[in-house]
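>
There are 2 protein chains.
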Amino acid sequence: MLTHAAEDYLKSIYKLQEKGGKVSTGILAEFLDVKPASATGMIKKLKTMKLVRYERYRGVTLTAAGKAVALEIIRHHRLLELYLFKALGVPWDGVHEEAEKLEHVISEDVEARMDEYLGYPTADPHGAPIPDKNGVVIQTDSVPMTELKDGQSCVVAEVSDSDSALLRHIGSFNLYPGTAFRVVEVAPFEGPFTIDIAGQEAVIGREVAKHIFVEQVQDPDNV
Amino acid sequence: MLTHAAEDYLKSIYKLQEKGGKVSTGILAEFLDVKPASATGMIKKLKTMKLVRYERYRGVTLTAAGKAVALEIIRHHRLLELYLFKALGVPWDGVHEEAEKLEHVISEDVEARMDEYLGYPTADPHGAPIPDKNGVVIQTDSVPMTELKDGQSCVVAEVSDSDSALLRHIGSFNLYPGTAFRVVEVAPFEGPFTIDIAGQEAVIGREVAKHIFVEQVQDPDNV
DNA sequence: AAATAAATTTAGGCATGACTAAATTATACA
DNA sequence: TGTATAATTTAGTCATGCCTAAATTTATTT
Numbered sequence: 433m434l435t436h437a438a439e440d441y442l443k444s445i446y447k448l449q450e451k452g453g454k455v456s457t458g459i460l461a462e463f464l465d466v467k468p469a470s471a472t473g474m475i476k477k478l479k480t481m482k483l484v485r486y487e488r489y490r491g492v493t494l495t496a497a498g499k500a501v502a503l504e505i506i507r508h509h510r511l512l513e514l515y516l517f518k519a520l521g522v523p524w525d526g527v528h529e530e531a532e533k534l535e536h537v538i539s540e541d542v543e544a545r546m547d548e549y550l551g552y553p554t555a556d557p558h559g560a561p562i563p564d565k566n567g568v569v570i571q572t573d574s575v576p577m578t579e580l581k582d583g584q585s586c587v588v589a590e591v592s593d594s595d596s597a598l599l600r601h602i603g604s605f606n607l608y609p610g611t612a613f614r615v616v617e618v619a620p621f622e623g624p625f626t627i628d629i630a631g632q633e634a635v636i637g638r639e640v641a642k643h644i645f646v647e648q649v650q651d652p653d654n655v
Numbered sequence: 433m434l435t436h437a438a439e440d441y442l443k444s445i446y447k448l449q450e451k452g453g454k455v456s457t458g459i460l461a462e463f464l465d466v467k468p469a470s471a472t473g474m475i476k477k478l479k480t481m482k483l484v485r486y487e488r489y490r491g492v493t494l495t496a497a498g499k500a501v502a503l504e505i506i507r508h509h510r511l512l513e514l515y516l517f518k519a520l521g522v523p524w525d526g527v528h529e530e531a532e533k534l535e536h537v538i539s540e541d542v543e544a545r546m547d548e549y550l551g552y553p554t555a556d557p558h559g560a561p562i563p564d565k566n567g568v569v570i571q572t573d574s575v576p577m578t579e580l581k582d583g584q585s586c587v588v589a590e591v592s593d594s595d596s597a598l599l600r601h602i603g604s605f606n607l608y609p610g611t612a613f614r615v616v617e618v619a620p621f622e623g624p625f626t627i628d629i630a631g632q633e634a635v636i637g638r639e640v641a642k643h644i645f646v647e648q649v650q651d652p653d654n655v
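Residue numbers (my numbering), protein chains in the order written: chain A, 433 to 655; chain B, 433 to 655.
Put into C-alpha cells, the structure is as follows:
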C-alpha cells in the first residue's frame with residue numbers, strides 16, 4: 433500500500449500537470465510546502481514504483497497507474513468535501529482542510545455509501561469535478577471571471593478551494609457554484625468588478641475575481 | 433501534537449488498565465501487536481511527555497493528562513462507529529476497523545456535528561459507553577452471559593468489538609445491545625446456552641457467550 | 001562561448017517507530 | 001537461598017520522509 437505522503441505527491445503532480453505538462457521539482461516542492469531535495473527523494477521512490485516518469489533535471493509526469501491513484505485520491509477528497517458540507521453542515525471554507533486528512537484513510541465501502549447518499553454527484557462544494565469510480569472526470573469549460581466585460585451574464589462554475597479566508601469572502605457575496613450574476617461595470621485600469629447578483633449590487637476585487645471561474649457567459653445583445 | 437502511534441498506545445493502556453491496574457510491557461505489546469522492545473521505547477517517550485507513570489520492569493499507568501487523551505480518542509472512536517452505523521449504514525462488524533483509522537484525524541468540529549446528529553448518544557453500536565466531551569464515562573454494571581443460570585432473563589448490554597467474524601455471528605442471532613432474551617437451558621459441563629429471543633430459540637456456544645455482557649438480570653421467581 | 005545565475009541533485013543528518021539479538025532484572029521453584 | 005525461567009530493557013538496524021549544505025547540471029546573459 434502507498435503511504436499518505438506518496439498519495440499527496442501523486443495528487444499534487446496531477447493538479448500541476450493539468451495546467452502545464454511536465455512538472456518541475458521546484459514547483460512540486462513549493463506546492464507541497466517541502467524543500468526541493470525532499471521532492472527529489474520522493475520522486476525517485478515513485479519512479480521505482482512505476483507511478484511517474486522521471487529523468488533528472490527534466491521534471492516528472494504521471495504514468496497511467498500514477499494518474500489512477502491521483503484521481504482516486506481526488507475523488508475521495510471531493511466526495512468527502514461534499515459529504516461534510518451537505519450531511520454535516522460543515523461550512524464550505526472548512527471542508528478542504530478536513531477532507532485533506534480524511535482522504536487517505538476512508539475506505540472504498542464508506543466512500544460508496546457517501547456517494548449513494550449524495551446521489552452520485554459530479555461536483556464538490558467549490559464546483560470542482562468529482563471523478564467517477566473509473567477515474568473519468570467531467571470537465572466544464574469555464575473561464576476566469578476576470579475575462580468578463582460590461583453587461584455579460586454568467587453562472588459561477590468553480591471557486592479555488594485552497595484559501596479559507598478567500599472562500600469566506602466569496603461566500604459572503606453568495607457566489608457559490610450555480611449562482612448567476614451579471615457584470616454591471618468593470619472599472620478601468622485593472623480595477624474591481626461591480627456585479628448584480630439576485631438584484632443586489634456587489635463589488636468584487638480583481639484579485640478575488642481571479643479565483644472565480646464562470647460559464648454560460650452571455651452577451652446582453654444575444655439575450 | 434501527538435502522533436497516531438502515541439494515541440494508540442494511550443488508548444490501549446487505558447483499556448488494559450480498566451481490567452487490572454498496572455499494565456505490563458508484554459501485555460501492552462501483545463494488545464498492540466508489536467514487540468515488547470517497541471512498547472518499551474514508546475512508553476519512555478510517553479513518560480517524558482508526562483502522559484504515563486513508569487518505572488522499568490514495573491509497568492505503566494496513565495497520568496491524568498494521559499487518561500484525558502485516551503478518553504478523547506475513545507470518544508472519537510465510538511462516536512464514529514455509531515455515526516457510520518446509523519448515518520451510513522455500515523454493518524456493525526465493519527465500523528470498528530473504519531473508526532480505528534478515522535479516530536486520529538477527525539476534527540473536534542466534525543465530531544461535534546456528528547454528536548448533534550446522533551442526539552448526544554451514550555453508547556456505540558456494540559454497547560460500549562461513549563465518554564462525554566469532558567471525559568466522563570457512564571459505566572453500566574453488566575456481567576458476562578456465561579454467569580447466567582437456567583430461566584434467567586436479561587438484556588444485552590455490550591458485545592466485544594474486536595473480532596469481526598464474531599460480531600457477524602452474534603448479529604445473526606439479533607443479539608444487539610438492548611435486545612432482551614431468556615435462558616432456556618445451560619448445558620452441563622461448560623456447555624452451550626439455549627436461549628429464547630423474541631420467541632425464537634437459539635443455541636449460543638460458551639466461547640461466544642464470553643463476549644456478550646448482559647444487565648437487568650431477573651430470576652423467573654422475581655417476576 | 002564563457003561566465004554567472006538558477007534549479008536540481010547528492011550527501012549526510014534527524015525524528016519516528018518498528019524490528020532482532022543480547023544483556024539485564026524479576027519471579028518461581030526446588 | 002540459589003538457580004532456572006520468564007519478562008523486560010538496552011543496543012544496534014532499518015524504512016519513511018523530512019531537513020541543510022555542498023556539488024552538479026541547466027539556463028541565461030553578455
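The beta-carbon is built from N, C-alpha and C at its ideal position, and this holds for glycine as well.
Which stretch, first to last residue, makes up the alpha helix (DSSP H) that contains A544/B?
Here residue 544/B refers to the residue found at position 112 of the second sequence. Run containing A544/B: 540-549, per the alpha helix (DSSP H) assignment.
> Residues of chain B with CB under 8 Å from K499/A, in chain order?
Taking the first residue of the first sequence as 1, we reach residue 499/A at position 67. Result: empty, since nearest Cβ-Cβ is about 25 Å, beyond 8 Å.
> Under 7 Å between beta-carbons, which chain B residues line up against M433/A? List them in chain order, please.
Indexing the first sequence from 1 puts residue 433/A at position 1. What M433/A touches in chain B: nothing, since even the nearest Cβ is about 12 Å away.
> Taking the beta strand (DSSP E) that T572/B falls in, what are its first and last residues?
Locating residue 572/B in the second sequence gives position 140, counting from the first residue. Unbroken run through T572/B: none, as it is neither H nor E.
> Give the DSSP-derived three-state secondary structure of L494/A in the structure shown.
What you label residue 494/A is simply residue 62 of the first sequence in a count that begins at 1. Three-state result, L494/A: strand.
> Please tell me whether E530/B has its Cβ less than 7 Å away from any Cβ of chain A.
For the purposes of this step, residue 530/B is taken as the residue at position 98 of the second sequence. Chain A, which has a Cβ nearer than 7 Å to the Cβ of E530/B, makes this yes.
> Return the first residue and the last residue of the beta strand (DSSP E) that I644/A is part of.
Position 212 of the first sequence, counted from the first residue, corresponds to residue 644/A. Its beta strand (DSSP E) spans residues 644-650.
> Against chain B, with Cβ distances strictly below 7 Å, would K443/A count as a contact?
By 1-based counting over the first sequence, the position of residue 443/A is 11. No, because no Cβ of chain B sits closer than 7 Å to the Cβ of K443/A.
> Of the choices V587/A, A619/A, M546/A, whose alpha-carbon is the least far from that of K581/A?
For the purposes of this step, residue 581/A is identified with residue 149 of the first sequence, where counting begins at 1. Residue A619/A is the option with its Cα nearest to K581/A.
> Going by alpha carbons, who is nearest to N566/B out of A502/B, E462/B, E439/B?
The residue you call residue 566/B lines up with position 134 of the second sequence. The candidate whose alpha carbon is nearest that of N566/B is A502/B.
> Cβ atoms of V587/B and L607/B: under 7 Å apart, would you say?
Within the second sequence, residue 607/B is the residue found at index 175, counting from 1. Within the second sequence, residue 587/B is the residue found at index 155, counting from 1. No, they are not a contact pair.
> How far does the beta strand (DSSP E) with T472/A in it reach, from first residue to last?
To locate residue 472/A, count along the first sequence from 1; it is residue 40. Note, T472/A: premise wrong, no beta strand (DSSP E); alpha helix (DSSP H) at 468-480.
> Count the C-beta pairs between the stretch 524-533 of chain A and the stretch 598-605 of chain A that are closer than 8 Å, then say yes if the count reaches three, no if not.
The stretch 524-533 of chain A, when compared against the stretch 598-605 of chain A, does touch it at the 8 Å Cβ threshold.
> In the DSSP assignment, find the alpha helix (DSSP H) that holds S456/A and state where it starts and stops.
Within the first sequence, residue 456/A is the residue found at index 24, counting from 1. Where S456/A is concerned, there is no enclosing alpha helix (DSSP H), given that its DSSP letter is neither H nor E.
> Let me confirm a value: F645/A is counted as buried when at least 16 other C-beta atoms fall within 10 Å, else exposed. Which label applies?
Numbered from 1 along the first sequence, position 213 holds the residue referred to as residue 645/A. Buried, by the Cβ-count rule.
> Starting from S539/A, find everything on chain B with Cβ-Cβ shorter than 7 Å and list it in chain order.
Taking the first sequence and counting its residues from 1, the one referred to as residue 539/A is at position 107. Those within 7 Å of S539/A in chain B are E530.
> If you measure from the beta carbon of K565/A to each beta carbon in chain B, is any gap under 7 Å?
In the first sequence, the residue the question calls residue 565/A occupies position 133. Chain B contact via Cβ: absent.
> Any Cβ of chain A within less than 7 Å of the Cβ of R510/B?
In the second sequence, residue 510/B corresponds to position 78, counting from 1. No, because no Cβ of chain A sits closer than 7 Å to the Cβ of R510/B.
> Output the boundary residues of the beta strand (DSSP E) element that contains S585/A.
Taking the first sequence and counting its residues from 1, the one referred to as residue 585/A is at position 153. Where S585/A is concerned, the enclosing beta strand (DSSP E) stretches over 585-591.
> Once DSSP output is grouped into helix, strand and coil, what is the label at L448/B?
Residue mapping note: residue 448/B aligns to position 16 of the second sequence, counting from 1. In the structure shown, L448/B sits in a helix (DSSP, three-state: H, G or I).
> Assign I636/B to buried or exposed, taking buried as 16 or more other Cβ atoms, counted over all protein chains shown, within 10 Å of its Cβ.
To locate residue 636/B, count along the second sequence from 1; it is residue 204. Buried, by the Cβ-count rule.
> Where S574/A and E647/A are concerned, what is the direct C-alpha to C-alpha distance, given to the nearest angstrom?
Here residue 574/A refers to the residue found at position 142 when the first sequence is read from its first residue. Here residue 647/A refers to the residue found at position 215 when the first sequence is read from its first residue. Roughly 5 Å separates the two Cα atoms.
> Using beta carbons (cut-off 7 Å, strictly below), is R682/A in contact with chain B?
Residue 682/A lies beyond the stretch modelled for chain A, which goes from 433 to 655, so this question has no answer here.
> Listing by chain order, which chain B residues have their CB less than 9 Å from the CB of M546/A?
Mapped onto the first sequence, residue 546/A falls at position 114. Those within 9 Å of M546/A in chain B are L520.
> Output yes if chain B places a C-beta closer than 7 Å to the C-beta of K642/A; else output no.
Position 210 of the first sequence, counted from the start, is the residue given in the question as residue 642/A. With 7 Å as the cut-off, K642/A does not count as an interface residue toward chain B.
> Which residue comes first and which comes last in the alpha helix (DSSP H) that contains A641/A?
Position 209 of the first sequence holds residue 641/A. A641/A -> alpha helix (DSSP H) spans 638-641.
> Just reading off the beta strand (DSSP E) that V484/A is part of, what are its end residues?
On the first sequence, residue 484/A is found 52 positions in, with the first residue counted as 1. First-last of the beta strand (DSSP E) with V484/A: 484-486.
> Where does H509/B land, buried or exposed, given buried means 16+ other C-beta within 10 angstroms?
As a working note, residue 509/B is residue 77 in the second sequence. With 16 or more Cβ atoms within 10 Å of its Cβ, H509/B is classed as buried.
> What does the alpha-carbon distance come out to for the pair L448/A and A612/B?
The sequence position of residue 448/A within the first sequence is 16, counting from 1. The sequence position of residue 612/B within the second sequence is 180, counting from 1. So the two alpha carbons sit approximately 59 Å from each other.
> Go ahead and pull the three-state DSSP assignment for I506/B.
Taking the second sequence and counting its residues from 1, one reaches residue 506/B at position 74. Three-state result, I506/B: helix.
> Is L478/A near A497/A, with beta carbons less than 7 Å apart?
As a first step, residue 478/A is located in the first sequence; it is residue number 46 there, counting from the start. As a first step, residue 497/A is located in the first sequence; it is residue number 65 there, counting from the start. Not a contact, by the Cβ cut-off of 7 Å.
> List the residues of chain B whose Cβ lies closer than 8 Å to the Cβ of V542/A, in chain order.
Position 110 of the first sequence holds residue 542/A. What V542/A touches in chain B: L516, L520, V522, E530.
> Around the Cβ of L511/B, are there at least 16 other Cβ atoms within 10 angstroms (buried) or fewer (exposed)?
In the second sequence, residue 511/B corresponds to position 79, counting from 1. Classification of L511/B: buried, given that the 10 Å Cβ count is 16 or more.
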